[in-house]
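A.B. asks: Keeping their order, the protein sequence lines are chains A and B.
Position 209 (the first sequence) corresponds to 212 in my numbering; numbering is contiguous.
Position 439 (the second sequence) corresponds to 593 in my numbering; numbering is contiguous.
For glycine and all other residues, C-beta sits at the position ideal for the given N, C-alpha and C.
In this text the structure is predicted, and so the values were computed from the model without any measurement.
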Amino acid sequence: MKYNITIAITFFVLIIVFSSCQKVINLDLNSASPQIVIEGNVYDQSGPYLVKISQTVNFDESNVYSPVTGAIVEISDNDGNSEILTEPSSGSYITSALQGVSGRTYTLTVISKGKTYTASSTMPNPVNIDSIYLEKNMFGNEKIVSVNFTDPVNISNYYHLIEFINNGRQTGFNVTDDNLNQGEIISYSFMSAGNVSKLETGDNVTVWLESIDENVYEYFRTAGRDGGQSSSPSNPTSNISNGALGYFNACSVRTISIIAQ
Amino acid sequence: MIKKSIYFIFIFLLFFDSIRAQQQYTISGFIRDAKTGEELIGATVSIKELPGKGVSTNAYGFYSITLPSGNYEVKSQYMGYEPISKQIVLNKSLKLDFTLNESSQKLQEVVITSKKNDENVTRTQMGLQKMDIKEINNIPVLFGEKDMLKTIQLLPGIKSAGEGNSGFNVRGGASDQNLILLDEATVYNASHLMGFFSVFNSDAIKDMSVYKGNEPAEYGGRLSSVIDIKMKDGNDKKYSVNGGIGLISSRLTVEGPIVKDKGSFIVSARRTYADLFLKLLKDTTLNQAKLFFYDVNAKANYRINDKNRVYLSGYFGKDALGISSFGINWGNATGTIRWNHLFSDRLFSNTSLIFSNYDYKINVNMGSEMNIISQIQDYNIKQDFQYYAGIKSTLKFGYNSTYHKIIPGAITTADNTSMKNLTNRYAWENAFYLSHQYKFSGKTSIEYGSRVTIFSLLGPGNFYTYDNKGNALDTAKYSSGQFVKTYIYIEPRATFNYVINQKSSVKASYARNVQNLHLLSNSTSGNPTDLWIPSSNNVKPEIADQTSLGYYRNFNDNKYEFSIETYYKSLQNQIDYKNGAELNFNDNVESQLLFGKGRAYGLELLFKKKYGKFNGWISYTLSRTERKFDEINNGNYYPAKQDRTHDISIVGIYEISKRWTLSATWVYNTGSAVTFPAGKYQIDGETKFYYTERNASRMPAYHRLDIGATWIRKKMDKFESSWTFSLYNAYGYNNAYTITFRDSKSDPSKTEAVQTTLFKFVPSITYNFKF
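#1: Give me the DSSP bridge partner(s) of Leu-588/B.
#2: Using a Cβ cut-off of 8 Å (strictly closer), state whether Phe-830/B contacts chain D.
#3: Note the first and the last residue of the continuous beta strand (DSSP E) segment covering Leu-303/B.
#4: Which stretch, first to last residue, makes up the beta strand (DSSP E) that contains Phe-167/A?
#5: Just curious, the alpha helix (DSSP H) that Val-219/A is in, first and last residue?
#6: Is Leu-53/A close to chain B, meaning its C-beta is less than 8 Å from at least one C-beta of that chain?
#7: Using a Cβ-Cβ cut-off of less than 8 Å, give me the residues of the stretch 831 to 844 of chain B that come near chain A, in sequence order.
#8: Check the Cβ-Cβ distances between Ser-851/B and every residue of chain A, and say whether any is below 8 Å.
#9: Which stretch, first to last residue, makes up the alpha helix (DSSP H) that contains Glu-273/B?
#10: Leu-167/B: buried (16+ other C-beta within 10 angstroms of its C-beta) or exposed?
#11: Give a yes or no on contact between the stretch 143 to 155 of chain A and the stretch 106 to 115 of chain A, applying the rule of three or more CB pairs nearer than 8 Å.
#12: List, in chain order, every chain A residue whose beta-carbon is nearer than 9 Å to that of Lys-795/B.
#13: Among all the DSSP beta bridges, which residues are the ones paired with Ala-253/A?
#14: Just how far apart, CA to CA, sit Gly-246/A and Tyr-514/B?
#15: Do the stretch 831 to 838 of chain B and the stretch 62 to 76 of chain A touch if we need at least three Cβ pairs shorter than 8 Å?
#16: Using a 10 Å radius around the Cβ and a threshold of 16 neighbouring Cβ atoms, would you call Met-573/B buried or exposed?
#17: Could you name the residues of the same chain whose beta carbon sits closer than 7 Å to that of Glu-906/B, not counting the 5 residues immediately before and after it, in chain order?
#18: Taking the alpha carbon of Gly-766/B as the point to measure from, which residue in Lys-550/B, Ala-188/B, Gly-806/B and Ser-403/B has its own alpha carbon closest?
#19: With DSSP as the reference, label Ile-287/B as helix, strand or coil.
#20: Work out the CA separation of Lys-384/B and Glu-236/B for me, nearest whole Å.
#21: Spatial neighbours of Tyr-184/B within its chain, please: CB distance less than 7 Å, with the 5 preceding and 5 following residues excluded, ordered by chain position.
#22: Does Lys-26/A come within less than 8 Å of chain B when only Cβ atoms are used?
#23: Could you please tell me which residues of the stretch 404 to 427 of chain B, in chain order, have their CB closer than 9 Å to any CB of chain A?
#24: Is Tyr-120/A closer than 8 Å to Ile-215/A when the C-beta atoms are compared?
#25: Taking 8 Å as the cut-off, decide whether the C-beta atoms of Ala-358/B and Lys-386/B are in contact.
#26: According to DSSP, which residues form a beta bridge with Tyr-643/B?
#27: Quick one: what's Ala-568/B bridged to in DSSP?
#28: In chain order, which continuous runs of the beta strand (DSSP E) of length 3 or greater are located wholly inside the stretch 740 to 775 of chain B?
#29: Could you tell me which residues DSSP puts in a beta bridge with Asp-513/B?
#30: By the 9 Å beta-carbon criterion, what residues does the stretch 899 to 916 of chain B contribute toward chain A?
#31: Using the beta-carbon of each residue, which ones in chain B are nearer than 8 Å to Glu-42/A?
#32: DSSP puts Gly-833/B in a beta bridge; with which residues?
#33: For Lys-202/B, does the count of other Cβ atoms within 10 angstroms reach 16, so buried, or fall short, so exposed?
#34: Counting only Cβ-Cβ distances shorter than 7 Å, please list the residues of the stretch 549 to 579 of chain B near chain A, keeping chain order.
#35: 8 Å is my cut-off, CB to CB: does Glu-733/B come that close to chain A?
#36: If contact means a Cβ-Cβ distance below 7 Å, which residues of the stretch 73 to 100 of chain A contact chain B?
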C-alpha cells in the first residue's frame with residue numbers, strides 16, 4: 004500500500020515537472036497590407052507548367068488566399084523561347100507549349116497592378132535516385148522514408164526533396180546540398196515529424212528529387228527554418244524581385260516509389 | 155588615448171611622492187573564519203584613530219595597511235561575524251591575523267548597533283553586487299536546487315533570459331557578454347539540463363561578486379558583466395560532511411584538513427536523477443531516455459610558510475541526454491593552480507595557471523555509429539600584483555596570456571576515423587593592466603586604470619573574405635602559428651566616489667570593455683551546441699562604453715540600504731544573423747553574420763533591509779536596449795530581444811523562530827521583444843507566416859510567486875539537519891515560455907497562436923544534513 008502511494012506521489016510530481024502545458028491564446032497581432040505571393044515551377048518534364056499568384060491575408064482571417072487575377076505572366080528561356088501564360092482559373096496561370104530543358108535559364112516576368120516582378124532560375128542536370136527504403140527514426144520507433152542518390156562530381160549541387168504518401172504531398176521544406184558530400188552517395192531521410200499522414204504498411208510512398216539552382220535552394224532552405232525555435236523569424240529569401248513572396252523554380256525532377264512494408 | 159595614459163601615469167607618480175615623505179610602518183595579515191579557517195574575502199580592517207581609512211581583504215583574505223608610527227586600535231569586521239578589535243603599538247611593521255566568529259542569532263541585534271556595515275556607501279567600486287552565500291539558502295527556487303545564478307537575477311540590472319534558462323542579461327547585454335569565472339577559469343556554458351540549473355553547486359562556493367560592466371581593470375574580455383565565483387578552500391581545522399537529498403538531485407560535500415591549520419581540501423559533488431522518473435512513463439521511447447547531469451568541485455590548498463601558499467582547484471561537469479539512437483553530452487572542465495606569494499608585507503602576488511574546456515559530443519547510432527564533437531579550450535597564465543602603497547593608495551597590476559583553441563565541429567566514426575572536419579581556430583589573447591585606488595584626504599576616493607588587450611587570430615587554416623551576399627571572394631592560406639589578424643585595444647576604466655556623510659555617497663564611473671570571443675546563438679533559449687567564434691578579419695571585436703552614476707544612502711544604522719544607479723552604454727560591432735542563417739557545421743559561418751551597433755540605458759533601484767527577523771529587498775529596473783543594423787528594419791533602432799521595460803523583484807525572508815524560516819519571492823517583468831507574424835500566405839499548399847518588422851511585438855508580461863520554508867531540526871550531538879520545502883509559481887500563473895503559430899487543430903480553415911507554459915505549482919522537498 005505504501006509503495007503504491009509513493010508511486011502515486013512520484014507520478015504526480017512527474018506530471019507537473021515534465022508536462023508543459025499548451026493552450027490556444029488570443030493575440031492582437033499587427034496587420035499588414037496584402038503582399039503578392041508567386042509560386043512558379045518549370046520542370047524538365049512536359050508541361051503545362053503552373054504559376055500561382057495569390058495574396059497575403061491577416062493572421063486572424065480564415066485561410067482563404069484570394070487569387071491575383073488579370074496579371075500578365077511570361078516565361079522565357081535563354082534560347083529565344085517565350086510564352087505568355089493563360090489564366091484558365093483565377094490566379095492560376097499555365098503554359099501551353101513551353102518545354103523545360105536542363106541547362107537553360109528561365110526568366111519569369113509578372114506584371115500586376117502596375118508593378119513588375121521578375122525572377123530567373125537555371126535548370127540543373129537531373130540526378131537519379133538510386134534507391135528508396137524505410138528505416139527506424141533516430142528519435143523514436145516509427146518508420147521513416149530514406150533515399151540514396153549519387154552526387155555528380157566537381158560541381159555544386161542543390162536538391163529539393165518532396166515526399167508523397169498515397170499521393171498526398173507531405174509538408175516540410177526538405178533540402179540538402181553537397182557541401183559535405185561532394186561527389187559521394189547522399190542519403191536523405193525525411194524527418195517529417197509534421198507529416199499529414201502517418202506511414203502505415205501498404206502505403207504507397209513516392210519521393211521527388213528536384214535538382215535546383217542555388218537561389219531556389221536558398222529559398223527552400225530559409226522557408227524551412229523561418230519559424231519555430233529561431234529567435235528572429237523572417238521571410239524566406241525569395242529569388243523574385245520587387246518584394247514579392249514565393250519563388251520561381253526551374254528544376255530537373257526524378258521520382259521513385261515504394262510500398263511500405 | 156596615449157595622451158590619457160600619460161596623464162594617468164603622471165598623477166600616479168604624484169601620489170607616490172606624497173607617500174614617501176612620511177615615516178611609515180605596515181600592518182598586514184589574513185582574516186579567517188574561526189571555525190573553518192576559511193579566509194574571508196572583503197572583510198574590512200579599520201583604524202579607530204583614522205576614520206574612513208579602512209582597507210578590505212583581497213580574494214585570498216590578505217590585507218595590508220601602512221600607517222605612521224603610533225598607538226592604534228585596529229578593528230576587523232565582516233558581515234555576519236562578530237567584530238574584533240586589537241590595541242597595537244606601531245613602531246615596527248607587524249603581522250596581525252584576525253579570526254572572526256560567526257555571530258549567533260541572539261547576538262545579531264547587538265551586532266547591528268556595534269558594527270558599521272556601510273560598505274556600499276564607502277567602497278569606491280560601483281555597479282557591484284555581492285551575494286551572501288548564506289542568504290541564498292533561504293530563497294525558494296525551482297526543484298529546491300539552490301542556485302546562485304538564479305538568485306542574482308533578483309537584483310537590479312540582472313535579468314533572466316527567460317524561464318528555464320540559466321542565461322541572463324546584464325544591463326541589456328547578450329548572454330554571451332557575461333564573463334563567468336570559477337576560480338579564475340572561464341566557464342563557457344554555465345547551464346545544466348538545457349538551462350534549468352546552473353553549473354555552480356552552491357555548497358562548494360565561498361564568494362560571488364557580480365560587476366555590471368564597471369569592473370576594475372584586472373577583469374576583461376566580456377562587454378556586460380563579470381561574475382567572479384570563488385570556491386571554498388575547505389575546513390583546515392576538522393573534517394565535516396554536509397549534503398542534501400532532493401526530489402530530483404542529491405549532493406554531498408566533504409572537507410577537512412590535510413595538515414591541521416596548514417592545508418585543507420574540499421570535494422563537493424552533485425547528481426540529478428531526473429531520468430529515474432522517466433522510467434515510469436509508458437511511452438517506450440521516453441522511458442528509455444537518458445537525462446541527467448553531475449558535477450564535481452574539488453580544491454586543495456597548502457600553506458608552505460607565511461609567505462607562500464599553493465592552491466589546486468578543479469571543476470568537472472557533464473550533462474547527458476539520450477533518446478533512442480540519438481545522444482548528446484556536454485560539459486565544462488576547469489583547473490586552476492595558484493601560488494600566492496608575499497614579496498613583502500606590502501606586495502602581494504598571485505600566479506595562476508588556468509585550464510578551461512567546454513565540449514559537446516553528439517552520438518548517432520543507426521546501424522553505423524557517428525560522432526560529432528565540438529570544443530573550446532583555454533590555456534591561461536595569469537600574474538597579479540597588489541601593492542599596498544600606503545593608507546591612501548593601493549596599486550594593482552598584472553598580465554594575462556591565454557591561448558584559445560576552438561574545434562567548431564568534427565565528425566568521426568565509431569573507431570575515431572575522421573570523416574569531416576571544420577577548420578579549427580586558434581587565438582592568442584594577451585592583456586596587461588594597471589589600476590590605482592586612491593583615497594583623497596577628504597571624502598573622495600578614486601579607482602582608475604586601464605587594460606590593454608592584444609588579440610591575435612592564428613593559423614593554420616584558410617581565411618575568407620566575403621561579399622555582401624556571403625559568397626567567398628578571397629581565400630588566404632596561413633600556416634601554423636602565423637598571425638592572421640591582430641587587434642589592440644586600450645580599455646580605460648575609472649570610478650569616482652564622493653562620500654557626502656557617513657550615510658550617503660555619490661559615485662560615477664566610466665568603463666570600456668572589449669570582447670573577442672562571440673557566441674553564435676539564434677534560438678530562443680541557449681543550446682549546448684551554440685558555437686564560440688574568435689574575432690577575425692570579418693568579425694571585429696565587440697566594444698562597449700558604459701557611463702554610470704549612482705546615489706547610495708543607508709538608514710537606521712545601516713539596517714536599511716538604498717541605492718539608485720543609472721547607466722548609458724553604447725555598443726559597437728554587435729552581431730546578428732542573416733535571414734535563415736546556417737550556424738551549424740558551416741565553415742563559412744562568418745558569412746552568415748550581420749554587424750551593427752547598440753545602445754542600452756536604464757535606472758536601477760534597490761531597497762534592502764539587511765538585518766533582523768524580517769529581511770529582504772525590493773529591486774526595480776527601468777531600461778531600454780536597442781540595436782541598429784543596416785539590414786534589419788530599414789536601419790532603424792529596434793528593441794533587442796532582451797529589452798524589458800520594467801523588471802521588479804521582491805524578496806522577503808522571515809525568521810519565525812529558531813526552527814522555522816519562511817521566505818517568498820515575487821518577480822514581474824515586461825515580456826521580451828519578439829517577432830510575430832503580420833499576415834499569412836500559402837506556399838506549396840503549406841501555410842507560411844508573413845513577417846514585417848523585427849522585434850516589433852511583445853511576449854505577455856511575466857510574473858510569478860515562489861514560497862519556501864525551512865525547518866531546522868534540533869542539533870543532535872554534532873549532527874545538524876534541516877528540511878526545505880518550496881513551491882515554485884505558487885499561484886500557478888500561465889507564463890508564456892514560447893508562443894508559436896500554426897494551422898488550427900480544431901478548425902483547419904483558421905490559424906491559431908499557441909502558448910506553451912513550462913512550470914505551474916512545482917513543489918519540492920529537500921533534506922539537508924551536516925556533521
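C.D. replies: By the coordinates alone:
#1: Mapped onto the second sequence, residue 588/B falls at position 434. Per DSSP, Phe-551/B and Ser-604/B.
#2: The structure shown contains no chain D; its protein chains are A and B.
#3: On the second sequence, residue 303/B is found 149 positions in, with the first residue counted as 1. No beta strand (DSSP E) holds Leu-303/B; the alpha helix (DSSP H) holding it covers 302 to 305.
#4: Taking the first sequence and counting its residues from 1, the one referred to as residue 167/A is at position 164. Looking at the DSSP string, the run of the beta strand (DSSP E) that includes Phe-167/A is 161 to 168.
#5: Here residue 219/A is taken as the residue at index 216 of the first sequence, counted from 1. Residues 217 to 226.
#6: Along the first sequence, one-based indexing puts residue 53/A at 50. Taking Cβ atoms only, chain B never reaches closer than 8 Å to Leu-53/A, which makes this a no.
#7: Pro-831, Ala-832, Gly-833, Lys-834, Tyr-835, Gln-836, Ile-837, Asp-838, Gly-839, Glu-840, Thr-841, Lys-842, Phe-843 and Tyr-844
#8: Stepping through the second sequence from its first residue, residue 851/B is reached at position 697. At least one chain A Cβ lies under 8 Å of Ser-851/B.
#9: The count along the second sequence starts at 1 and reaches residue 273/B at position 119. Residues 273 to 276.
#10: What you label residue 167/B is simply residue 13 of the second sequence in a count that begins at 1. Residue confidence is low: Leu-167/B scores 46 on pLDDT, short of 50, so the model does not pin down where it sits. No coordinate-derived value is stated.
#11: no
#12: Counting from one through the second sequence, the residue named residue 795/B turns up at place 641. Ordered by position in chain A, the residues that pass the 9 Å Cβ test against Lys-795/B are Ser-234 and Ser-235.
#13: Taking the first residue of the first sequence as 1, we reach residue 253/A at position 250. In DSSP, Ala-253/A forms a bridge with Val-45/A.
#14: Position 243 of the first sequence, counted from the start, is the residue given in the question as residue 246/A. Position 360 of the second sequence, counted from the start, is the residue given in the question as residue 514/B. Whole-angstrom Cα-Cα distance: 41 Å.
#15: yes
#16: The residue given as residue 573/B occupies position 419 in the second sequence. Met-573/B comes out exposed.
#17: Here residue 906/B corresponds to residue number 752 of the second sequence, with the count starting at 1. Excluding residues within five positions, the ones whose Cβ falls inside 7 Å are Arg-896 and Ser-898.
#18: As a first step, residue 766/B must be located in the second sequence, where it is residue number 612. Nearest of Lys-550/B, Ala-188/B, Gly-806/B and Ser-403/B to Gly-766/B, Cα basis: Gly-806/B.
#19: On the second sequence, position 133 is the one that residue 287/B refers to. The answer is helix: DSSP assigns Ile-287/B an H, G or I state.
#20: Within the second sequence, residue 236/B is the residue found at index 82, counting from 1. Within the second sequence, residue 384/B is the residue found at index 230, counting from 1. Between Glu-236/B and Lys-384/B, the C-alpha separation is close to 23 Å.
#21: One-based indexing of the second sequence puts residue 184/B at position 30. Position check: residue 184/B holds Phe in this sequence, whereas Tyr was assumed. Glu-193, Gly-215, Phe-216 and Asp-251.
#22: For this step, residue 26/A is matched to residue 23 along the first sequence. At least one chain B Cβ lies under 8 Å of Lys-26/A.
#23: none
#24: On the first sequence, position 212 is the one that residue 215/A refers to. On the first sequence, position 117 is the one that residue 120/A refers to. Their beta carbons are not under 8 Å apart, which means Ile-215/A does not touch Tyr-120/A by this criterion.
#25: Along the second sequence, one-based indexing puts residue 358/B at 204. Along the second sequence, one-based indexing puts residue 386/B at 232. It is a contact, given that the beta carbons lie within the stated cut-off.
#26: Position 489 of the second sequence, counted from the start, is the residue given in the question as residue 643/B. DSSP, once it has assigned bridges, lists Thr-607/B as partnering Tyr-643/B.
#27: Counted from its first residue, the second sequence places residue 568/B at position 414. DSSP, once it has assigned bridges, lists no residue as partnering Ala-568/B.
#28: 747 to 763
#29: By 1-based counting over the second sequence, the position of residue 513/B is 359. In the DSSP output, where bridge partners are listed per residue, Asp-513/B has Gly-485/B and Gln-529/B.
#30: Lys-899, Ser-900, Asp-901, Pro-902, Ser-903, Lys-904, Thr-905, Glu-906, Ala-907, Val-908, Gln-909, Thr-910, Thr-911, Leu-912, Phe-913, Lys-914, Phe-915 and Val-916
#31: Taking the first sequence and counting its residues from 1, one reaches residue 42/A at position 39. Correct list: Ile-837 and Asp-838.
#32: Stepping through the second sequence from its first residue, residue 833/B is reached at position 679. BP columns for Gly-833/B point to Tyr-844/B.
#33: For this step, residue 202/B is matched to residue 48 along the second sequence. Lys-202/B comes out exposed.
#34: Lys-574
#35: The residue labelled residue 733/B in the question sits at position 579 within the second sequence. It should be noted that the sequence gives Asn, not Glu, for residue 733/B. Yes, Asn-733/B counts as interfacial toward chain A.
#36: none
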